[in-house]
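K.L.:
Residue numbers (our numbering): 89 to 182.
(1) Report the rounded CA-to-CA distance for residue 168 versus residue 139, giving the unit in angstroms.
(2) Assuming residue 114 contacts residue 163 (C-beta within less than 8 Å), just tell me the rounded distance between them.
(3) I need the DSSP call for residue 109, collapsed to helix, strand or coil.
(4) Secondary structure at residue 132, three-state DSSP: helix, strand or coil?
(5) Starting from the C-beta of residue 129, find all residues in its chain whose C-beta is less than 8 Å away, skip the five residues before and the five after it, and write them out in chain order.
(6) How big is the Cα-Cα spacing for residue 133 and residue 118?
(7) Name the DSSP bridge partner or partners of residue 125?
(8) What is the DSSP secondary structure of residue 118, counted as helix, strand or coil?
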């Protein structure tokens, strides 16, 4: 019987948190999708504080950043982040 570590379970649940964002972006027909942080909050059940204060949170480096994995899996990259207006733009990858 294969056992899951607590770390793996945590990583999987963190990744699953951003599945609604991935699905929303994947299902959008437009080339650029601009979303407010409030809308993303609704989709994922709340953004961490760092998303509102650190532009780097929105970087397109997947690595261990589960949020980036979500939009990259949807075929999108972040092209613009406005921390003052609390908006982010996702562009469809060519």
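Just so you know, even glycine gets a beta-carbon here, dropped at the ideal spot from N, CA and C. The structure presented is a predicted model; accordingly, all values stated were derived computationally and were not measured.
P.N.:
A quick look at the data gives this:
(1) Along the chain shown, read from residue 1 onward, the residue named residue 168 stands at position 80. Along the chain shown, read from residue 1 onward, the residue named residue 139 stands at position 51. Distance from the CA atom of residue 168 to the CA atom of residue 139, rounded to whole angstroms, is 13 Å.
(2) As a first step, residue 114 must be located in the chain shown, where it is residue number 26. As a first step, residue 163 must be located in the chain shown, where it is residue number 75. Yes, residue 114 and residue 163 are in contact; Cβ-Cβ is about 7 Å, under 8 Å.
(3) Numbered from its first residue, the chain shown carries residue 109 at position 21. It is helical.
(4) Numbered from 1 along the chain shown, position 44 holds the residue referred to as residue 132. Reduced to three states, the DSSP call for residue 132 is helix.
(5) Taking the chain shown and counting its residues from 1, one reaches residue 129 at position 41. 135, listed in sequence order.
(6) The residue you call residue 133 lines up with position 45 of the chain shown. The residue you call residue 118 lines up with position 30 of the chain shown. Going by the C-alpha atoms only, they are around 24 Å apart.
(7) Along the chain shown, one-based indexing puts residue 125 at 37. When beta bridges are read from the DSSP output, residue 125 appears opposite no residue.
(8) Walking along the chain shown from the start, residue 118 turns up at place 30. Looking at residue 118 - three-state DSSP - the assignment turns out to be coil, as it is neither helix nor strand.
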